[in-house]
Structure formats: structure tokens, C-alpha cells
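Residue numbers (our numbering): 5 to 96.
Okay, here's the thing in C-alpha cells:
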């Protein structure tokens, strides 16, 4: 089931092709773009943004720790980060 989630998530973020390095670079770029969008939200105060970022970090570190030492640890962190940030932006 986790493999299916990762496969779907990679497809959903358009970062599913190539090596883990290429996936990581793609996710890193998306993370940067999404962070800029979060910072650009006018209807959300800075404390709420900060709380979100802290929660996102904790959640995604927990998710990616399942792959500790593996090549997919950073990919799983990036997928979590992108997914959670997209959710936050949609809810804002």
C-alpha cells in the first residue's frame, strides 16, 4: 500500500521519472515554489504560517523516518512536504 501511495504521489507531483536524484531536484524546486506561495498569502498571519511550517516539518520528518538510511527518505519527505503544503494552500 505504501508503494502505491508513493507511486501515486510521485505521479501527482510530476516528479515521478528518473533517478532518485532527479526526483529530489524536482521536489526541491516544487517545495521552493510552494513556500513562496505560502509566504505570499495575505489572509494568513505570520504566526499561523510559522505554526504550519513547524507542523509540516514534524509530520514529514515522521513520515520519512520510515525510510531512514534509504534512498527514498528524502523523496518521501519531499512528497509529504509538497502534499501538505498544497493542502494548506487549498484550505487558505
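All C-beta atoms, glycine included, are put in the ideal place defined by N, C-alpha and C.
Note that this is a predicted model, so its numbers are computed, not measured.
If we ignore side chains and look at the alpha-carbon of each, how far apart do residue i and residue j end up?
i          : j          : result
residue 26 : residue 54 : 29 angstroms
residue 11 : residue 20 : Residue placement at residue 11 cannot be trusted, given a pLDDT of 46 that sits under 50; what the coordinates show is reported in the next sentence. Distance between the alpha carbons of residue 11 and residue 20 is about 7 angstroms.
residue 66 : residue 88 : 13 angstroms
residue 35 : residue 73 : 22 angstroms
Taking 7 angstroms as the cut-off, is the C-beta of residue i nearer than that to any heavy atom in the ligand SAM?
i          : result
residue 83 : Ligands in the displayed structure: none, and consequently the ligand SAM is not present.
Considering residue i, what are the terminal residues of the alpha helix (DSSP H) in which it resides?
i          : result
residue 96 : Where residue 96 is concerned, there is no enclosing alpha helix (DSSP H), given that its DSSP letter is neither H nor E.
residue 71 : That residue, residue 71, is in no alpha helix (DSSP H); it is neither H nor E in DSSP.
residue 39 : 24–43
Tell me whether residue i sits in a helix, a strand or coil according to DSSP, three-state version.
i          : result
residue 51 : helix
Use the C-beta contact count for residue i: other C-beta atoms within 10 angstroms, 16 or more gives buried, fewer gives exposed.
i          : result
residue 58 : exposed
Within the chosen definition, does the region 17–37 reach the region 74–83 through at least 3 CB pairs nearer than 8 angstroms?
yes
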